[in-house]
Amino acid sequence: MRAVKKTYPVKTKTAIVKCTTVAECNSDVVHDQFRLSSSSSADSGIEQAKQQFVNCGNNYELTTKQRTRLLRKLNLQEILREKALCDVVLVASHLKTDSNEGSSSSNSAEVEIPAHRIILASACPYFKAMFQSNMSEVGQGKIRIHGVEPDALKSLVNFMYTSEIAITAENVQYILIASDLLEMSEVTNSCCEFLKSQLNPSNCIGIQEFAEHHSCISLSIFARVYCEQHFDEVIKYEEYLSLSLENMLQIISSDNLMTRCESDVCEAVMKWIRHDLKKRQTYLPKLFQCIRLPLLPIQYLFDVVEKDELVKASMPCKDLIIGALKHHLLFENLSSCNARPRGLCASTDSALGIIVIGGQVPRAVSNVDIFYISNYTWNSLNPMPNRRCRFGIASADDRIYVIGGFNGTTRVRYVEYFDSIRGCWYTAPPLLAKRSTLGAAAIDDVIYAVGGFDGLSGLNSAEMLDRRTGKWEFVAPMSTRRSSVGVAAYKGLLYAVGGFDGGHKTCLKSVERYDPRINRWQTVESMEFRRSGPGVAVYDGKLFAMGGHDGPSVLNSVEVYDANEGGWQMLPCQMETCRRNFGACVADHSLYLVGGDDGYSTLSSVEIYNVHVGSWSTLPTNMPLGRSYAGVAVAKRSCFPLLSVPDLFVNQSAEL
1 MRAVKKTYPV KTKTAIVKCT TVAECNSDVV HDQFRLSSSS SADSGIEQAK
51 QQFVNCGNNY ELTTKQRTRL LRKLNLQEIL REKALCDVVL VASHLKTDSN
101 EGSSSSNSAE VEIPAHRIIL ASACPYFKAM FQSNMSEVGQ GKIRIHGVEP
151 DALKSLVNFM YTSEIAITAE NVQYILIASD LLEMSEVTNS CCEFLKSQLN
201 PSNCIGIQEF AEHHSCISLS IFARVYCEQH FDEVIKYEEY LSLSLENMLQ
251 IISSDNLMTR CESDVCEAVM KWIRHDLKKR QTYLPKLFQC IRLPLLPIQY
301 LFDVVEKDEL VKASMPCKDL IIGALKHHLL FENLSSCNAR PRGLCASTDS
351 ALGIIVIGGQ VPRAVSNVDI FYISNYTWNS LNPMPNRRCR FGIASADDRI
401 YVIGGFNGTT RVRYVEYFDS IRGCWYTAPP LLAKRSTLGA AAIDDVIYAV
451 GGFDGLSGLN SAEMLDRRTG KWEFVAPMST RRSSVGVAAY KGLLYAVGGF
501 DGGHKTCLKS VERYDPRINR WQTVESMEFR RSGPGVAVYD GKLFAMGGHD
551 GPSVLNSVEV YDANEGGWQM LPCQMETCRR NFGACVADHS LYLVGGDDGY
601 STLSSVEIYN VHVGSWSTLP TNMPLGRSYA GVAVAKRSCF PLLSVPDLFV
651 NQSAEL
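Structure, rendered in structure tokens:
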């Protein structure tokens, strides 16, 4: 038997999801447990019912759904409850924790669990290997399982008979340890997903260390990234003082550390050192190297850091301070001082992440989230001052303009922009006309708002904002009224793709383009399919029109327009999900589709297409909040995380 690994107390909240069999799957909120059925996956939520059989060459295998039904028909749980025909007894002892050493040991209170060898071997790789080997347990009537809580073992045995197990905040640690020992990866993975859902600033460090000691790599990485993204909150709790030196170094040296100011990092390091000064004082120079000292205000360096008694006693630390002061006073760019800003900063040539703004779920919301491309994680940014959906969105420099839209009550004219460097919202000049379901794009220093719906009729008008003058003015109107229109700037021209003509009650496949040099729209080749609410983006030197709906159906087809060759061509591969009213953008040499709806419900999934791969794939990480009619833009430089600071909401006009 394997020795039990070291355990840690993990504080968690109550669970939030309940799943039973496929036929009974729902998303009800519960307050006591997370129920796992082998027909569900915690990674992706509740899966749709799969086909009953999977073709495997000339044979067919039962899916997990069919297996669950079969187990119910066999009524194995009743046989187990009656202890009928049992041929083996598993023995486990309650664990007690040595509070001084943090290790677990067994006492004399033993619990016996009757079972059937054939069931254990068929459902558990550990028992299959045991019963097929020459181990001494093969012929024993009682088999002792060391290092496993009896209740956890009972739950796992019951899972082998029923395909169901209840994972709660109270038992998740013990079930994870037991399932890992018994090599029941399905349960182990679900325990990890449960713990991911319970992460908060007060417990993420404990969960990370627990995951490390039990070789749950995915959970460990997830918890560490969470800690980095919520560092300002994490250091408010005493738990961070128990961090190991290795984990402390890993966190404070990270480029991805989200913190309001570097002084918080400095103070967190000094507090961690002083928590166990006798042992940790020798670590100070190594930790001090990880603090971005040049990012600290010069007055803070003089008044706080340099005067600290521990720093004054360390020559390596004083040398680092001198280097930081040179950076300030002599404008030296010293790499040894580690002057690189934090916050997942990237060069302006590469994408940092994808920002999703507002949307409809089904009411308009003000939420703003960012998807970090480097590690497939989501984080919240400062919300819009006003909730909104069905707006136009356009990016210029480091500013993301949110134009018009619908606030849940009325169509609006107001325009705001998000400064991705400062993490603030600013008010820009309002539109000349109310518009929702419009399209928008930027060409050089000019923002265009095209078409839409004013509450009475669809619009064929368009207007432009010259960022240099700060004024909107109308430009030439389109030939067709278009709401739910896809708009993109392509080769210096503005394209209006598809949409909905409210006057004729029809979805459109026609396309127009606007030439700003001559202030004129002209019709270009129509698409093969009508598309209202399509996603439009320029990728690989071509204009992509994706999804939307043609009236009766929501589409997953994609058409591509090449201005050099003319005409639309169908992309050979279709999107994995039919969607409309979604966001589309190009980042990191790939095309991303975010959210939308499929005609029945809002979507939280994200699809990606890479021209070199030639296929679509759905990312394993969904949006925190599924929504349609949201705005999507690419952030190429640092974005601030969500901060509870009132003055970050700047509701006054600012320089454009």
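Numbering (full-length UniProt numbering) for the sequence shown: 1 to 656.
Virtual Cβ for every residue (Gly too), placed ideally from N, Cα, C.
From the DSSP output, in three-state form, read off R274 for me. For R274, the secondary structure class from DSSP, reduced to helix, strand or coil, is helix.
Reduced DSSP category for M575 - H, G, I as helix; E, B as strand; rest coil: Three-state result, M575: coil.
Hey, is the region 605 to 612 in contact with the region 392 to 406, meaning 3+ C-beta pairs nearer than 8 Å? The region 605 to 612 vs the region 392 to 406: no contact.
Reduced DSSP secondary structure (H/G/I, E/B, other) of T97: Interpretation of T97 is limited by its pLDDT of 49, a score under 50 that renders its predicted location unreliable; the figure taken from the coordinates is listed afterwards. Residue state for T97 is assigned as strand, using DSSP reduced to three classes.
As a quick exercise: from L182, G631, G486, pick the residue whose alpha carbon is nearest that of I370. It is G631.
Would you identify the three-state DSSP class for F406, choosing helix, strand or coil? Reduced to three states, the DSSP call for F406 is strand.
Option in H213, I177, R481 with minimal Cα separation from V511: The shortest C-alpha separation from V511 is found at R481.
With H, G and I counted as helix, E and B as strand and the rest as coil, what does DSSP make of V356? Correct three-state label for V356: strand.
What span of residues does the beta strand (DSSP E) with V172 cover, start to end? For V172, there is no enclosing beta strand (DSSP E); the enclosing alpha helix (DSSP H) covers residues 172 to 181.
Do C266 and I291 have their CB atoms nearer than 8 Å? Contact: yes.
Complete beta strand (DSSP E) runs within the region 363 to 390 (minimum length 3 residues, chain order): Listed in chain order, they are 368 to 372, 377 to 380.
With R513 as the anchor, note down where its beta strand (DSSP E) starts and where it stops. Element bounds for R513: 511 to 515.
Since L593 sits in a beta bridge, which residues does DSSP pair it with? Under DSSP, L593 shares a beta bridge with A584, E607.
Could you name the residues of the same chain whose beta carbon sits closer than 7 Å to that of K83, not counting the 5 residues immediately before and after it, in chain order? Closer than 7 Å at the Cβ level, and outside the excluded window around K83, lie P114.
Just the Cα atoms here: how many angstroms apart are E238 and E170? Rounded to the nearest angstrom, the two C-alpha atoms are 22 Å apart.
For P316, name the three-state secondary structure that DSSP assigns. In this structure, DSSP gives P316 a helical state, which the three-state scheme calls helix.
Distance check for M258 and W378, CA to CA, integer angstroms please. Roughly 13 Å between the two C-alpha positions.
Cutting at 8 Å between CB atoms, please list the residues of its own chain near T577, excluding the five before and the five after it. N556, D598, L603, S605, E607, T618, listed in sequence order.
Under the three-state DSSP convention, the category I291 falls into: DSSP, read as helix, strand or coil, puts I291 in coil.
Under the three-state reduction of DSSP, which class applies to Y126: helix, strand or coil? Secondary structure of Y126 (DSSP, three-state): helix.
In chain order, what residues of the same chain lie with their CB nearer than 8 Å to the CB of P362, ignoring the 5 residues before and after it? Annotation for P362: T602 place their beta carbon closer than 8 Å to its own, counting only its chain and skipping 5 residues before and after.
Which residues does DSSP pair with S436 in a beta bridge? S436 is bridged to F453.
Excluding sequence positions up to five away, which residues of its chain have a Cβ less than 7 Å from the Cβ of S626? One point to set straight first is that residue 626 is Gly, not Ser, in the sequence displayed. Closer than 7 Å at Cβ, skipping near neighbours: V361, G595, T602, L603, S604.
Between the CA atoms of E193 and E47 - distance to the nearest angstrom: In this prediction, E47 scores a pLDDT of 33, lower than 50, which makes its location untrustworthy; the coordinate-derived value is nonetheless stated afterwards. Rounded to the nearest angstrom, the two C-alpha atoms are 15 Å apart.
When the Cα of M623 is compared with those of A635, S615, F582, which residue comes out closest? Out of A635, S615, F582, F582 has the C-alpha closest to the C-alpha of M623.
Quick check: the Cα distance between K636 and L352, rounded to an integer number of angstroms? A straight line joining the alpha-carbon of K636 with that of L352 spans about 5 Å.
Ordered list of beta strand (DSSP E) runs contained in the region 513 to 552, each at least 3 residues: Taking only runs of at least 3 residues, the beta strand (DSSP E) segments lying wholly in the region 513 to 552 are 520 to 524, 535 to 539, 542 to 546.
Would you report the Cα separation of R413 and A324, rounded to the nearest angstrom? Rounded to the nearest angstrom, the gap between the Cα atoms of R413 and A324 is 48 Å.
Residues in its own chain within less than 6 Å of A563 by CB, not counting five upstream and five downstream? Answer for A563: K491, listed in chain order.
Using beta-carbon positions only, say whether S220 and E212 come within less than 8 Å of one another. Taking 8 Å as the cut-off, the beta carbon of S220 is found closer than this to the beta carbon of E212.
Could you give the residue range of the beta strand (DSSP E) that holds Y561? Start and end: 558 to 561.
Could you tell me how far apart the beta carbons of E565 and E528 are, in whole angstroms, since I believe they sit closer than 8 Å? E528 and E565 do not touch by the CB rule: their CB atoms are close to 15 Å apart, not below 8 Å.
Would you identify the three-state DSSP class for I145, choosing helix, strand or coil? In this structure, I145 counts as coil in the three-state DSSP scheme.
Go to C424, then tell me how far its beta strand (DSSP E) extends in each direction, as first and last residue. For C424, the enclosing beta strand (DSSP E) begins and ends at 424 to 428.
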